[in-house]
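The structure appears below as C-alpha cells.
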C-alpha cells in the first residue's frame, strides 16, 4: 500500500539531506486527489518514488547517484517529474512480469530426457549456459531438482528419473512444476546488436542497463550481455506460484546477514502472499561449478519491489495495464488521451521487455 515518506534523518547540508528534502517538499505540495489516468505517474507518486529510491538504494553509490540527479533538478517540478518517470520506465518496468511469462510446455527444458539433461550438465562445466534450456537444466542440477524456496521437487525431473522421484517421496514433499526464473529478463539483452544497433530497443536497453549500473554496480555489458543473461548467477529454480510472486514484485529476498546466501522472504502483504512459505531460505549448490544467484542482482530486484509498493508506482502501473486490457475502444471526445499515451508507451516498453 502506498505510504507517505518518513521524516528526513539525513545530516543537514549533505546531498542526501537536500535531495530527500526536495522529495518531502513535492510530496507536501501535492494533494492526494483522484486524477485522470495519464501515461506518467502522478506528482505524488513521483515524489514518493524518488524519495524511496534514496531510502532503499541497494548501494551507497547508488544512493549518491540518485541524490545528485534529484539535486540537479534544482526544484523544477517538471524536471523532477520527468526523472521519476524515467525510473518507472527504465527501472521498475524492467523487473515486471512481462519478462517472466511461464514458458510454454513445448519449450520447457525439463521435458528433455534425464540422460540428455545429464549430458547438458557435463557440457556446462566448460562454461556458463548459453540459452534458456541450458540455464534450466543447470539450475535444476545446482538446486537438487527442487524449488529454491519451497524445496518441492521438479515434476518432470521426478517423472524422468526414478531416483529423484524416490528422493521426493522420502522427503515427504509433493512434486510441482518449476521454472528457470531469471532475475534480469533474458529478452533485455537479445536483438539489440548487429542490424538492431542504435535502434529503439538498443537505445532503451542501454539506458535501462545504465540505471542498473548506477543503482547497483552491475556492469551489464560485462556480466549479462547476450547469452550471458543465462548465467546461473541470474537464474533461480522456482515453482510456478513462487515464480509468479517473484516476477510480479510480490516476493523479494533480503540477506539475513547471518549466513552466506541466507535470505528473508519479504512481501508487501506477507499474510496474503507468503504466509505458507518459509520465513528464511538458505541457498546451496550441489557443485562448486554451479554458482548461486548473485547478491547484487537480488538486491536490485528487492529495491525495485520495495520502491514500487511503497511509492504507489506499482499500483499505478497495474491500474494502467488493467485499464488498457479492459478498454476496447478509446473515447472520441479526447477523454482517453492519457490512456492512449500510456498504451503507446507500454507498446514501446514491450519492445524492450518481451
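In the working numbering, the protein residues as written are 15 to 368. Yeah, the Cβ is synthetic: ideal placement off N, Cα and C, and Gly gets one too.
| Asked | Found |
| --- | --- |
| Quickly, what does DSSP pair residue 310 with across the bridge? List them, please. | Answer by DSSP bridge pairing: none, since residue 310 is not bridged. |
| Is DSSP giving residue 296 helix, strand or coil here? | strand |
| Please classify residue 248 as buried or exposed, where buried requires at least 16 other C-beta atoms within 10 Å of its C-beta. | buried |
| Is it buried or exposed, residue 371, if we count other Cβ atoms within 10 angstroms and call 16 or more buried? | For residue 371 there is no data in the structure shown, the boundaries of the chain being 15 and 368. |
| For the segment 172-185 against the segment 233-245, do three or more pairs of beta-carbon atoms, one drawn from each stretch, fall closer than 8 angstroms, so that the two count as touching? | no |
| Rounded to whole angstroms, how far is the Cβ of residue 294 from the Cβ of residue 277, which I believe are closer than 8 angstroms? | 7 angstroms |
| Can you tell which of 76, 159, 267 has its C-alpha closest to the C-alpha of residue 232? | 76 |
| Using only the alpha-carbon positions, how far apart do residue 96 and residue 32 sit? | 19 angstroms |
| Round the Cβ separation of residue 108 and residue 222 to the nearest angstrom and send it over; I've been treating them as touching at under 8 angstroms. | 5 angstroms |
| Let me confirm a value: residue 164 is counted as buried when at least 16 other C-beta atoms fall within 10 Å, else exposed. Which label applies? | buried |
| Pull up the distance between the alpha-carbon of residue 24 and that of residue 84, whole angstroms please. | 15 angstroms |
| Between residue 317 and residue 70, how many whole angstroms is the CB-CB distance? I'm expecting something under 8 angstroms. | 5 angstroms |
| Alpha carbon to alpha carbon, how far is residue 146 from residue 237? Give it in angstroms, no decimals. | 16 angstroms |
| Could you say which of 37, 288, 67, 187 lies nearest to residue 313 if we only look at CA atoms? | 67 |
| For the segment 203-286, list the beta strand (DSSP E) runs that are entirely contained and at least 3 residues long, ordered along the chain. | 249-253, 266-269, 276-280 |
| Give me the residue from 329, 308, 103 with the minimum Cα distance to residue 234. | 308 |
| Can you grab the Cα-Cα spacing for the pair residue 80 / residue 228, in whole Å? | 8 angstroms |
| Give a single yes or no on whether residue 73 has its beta carbon closer than 7 angstroms to a heavy atom of the ligand MG. | No copy of the ligand MG occurs in the structure displayed, which carries no ligand at all. |
| Please report whether the beta-carbon of residue 325 lies at a distance below 8 angstroms from any beta-carbon of chain B. | Among the chains in the structure shown there is no chain B, since it carries only a single protein chain. |
| My output table needs one value for residue 103: the three-state DSSP class, helix, strand or coil. | helix |
| By a C-beta neighbour count over all protein chains shown, 10 Å radius and 16 as the cutoff for buried, is residue 274 buried or exposed? | exposed |
| Quick one: what's residue 167 bridged to in DSSP? | 160 |
| Please classify residue 49: is it buried, with 16 or more other beta-carbons within 10 angstroms of its beta-carbon, or exposed? | At residue 49 the pLDDT is 48, less than 50, meaning the model places this residue with poor confidence; the figure from the coordinates comes in the next sentence. So residue 49 counts as exposed. |
| Measure the Cβ-Cβ separation of residue 64 and residue 37 and say whether it is below 8 angstroms. | yes |
| Express the C-alpha separation of residue 94 and residue 310 in angstroms, rounding to a whole number. | 27 angstroms |
| Please go through the same chain and pick out, in chain order, the residues whose beta-carbon is closer than 7 angstroms to the beta-carbon of residue 226, but skip the five residues on each side of it. | 232, 234, 314 |
| Taking its Cβ as the centre, do 16 or more other Cβ atoms sit within 10 Å of residue 26, making it buried, or is it exposed? | exposed |
| To the nearest angstrom, how far is the alpha carbon of residue 110 from that of residue 266? | 13 angstroms |
| Please report how far the alpha carbon of residue 88 lies from the alpha carbon of residue 72, in whole angstroms. | 25 angstroms |
| What does DSSP give as the partner residues of residue 196 in its beta bridges? | 249 |
| Classify residue 259: buried if its beta carbon has 16 or more other beta carbons within 10 angstroms, exposed otherwise. | buried |
| Excluding sequence positions up to five away, which residues of its chain have a Cβ less than 7 angstroms from the Cβ of residue 198? | 238, 243, 248, 311 |
| Looking at C-alpha atoms only, which residue of 160, 195, 200 is the closest neighbour of residue 183? | 160 |
| Determine the contact status of residue 300 and residue 156, defining contact as a CB-CB distance below 8 angstroms. | yes |
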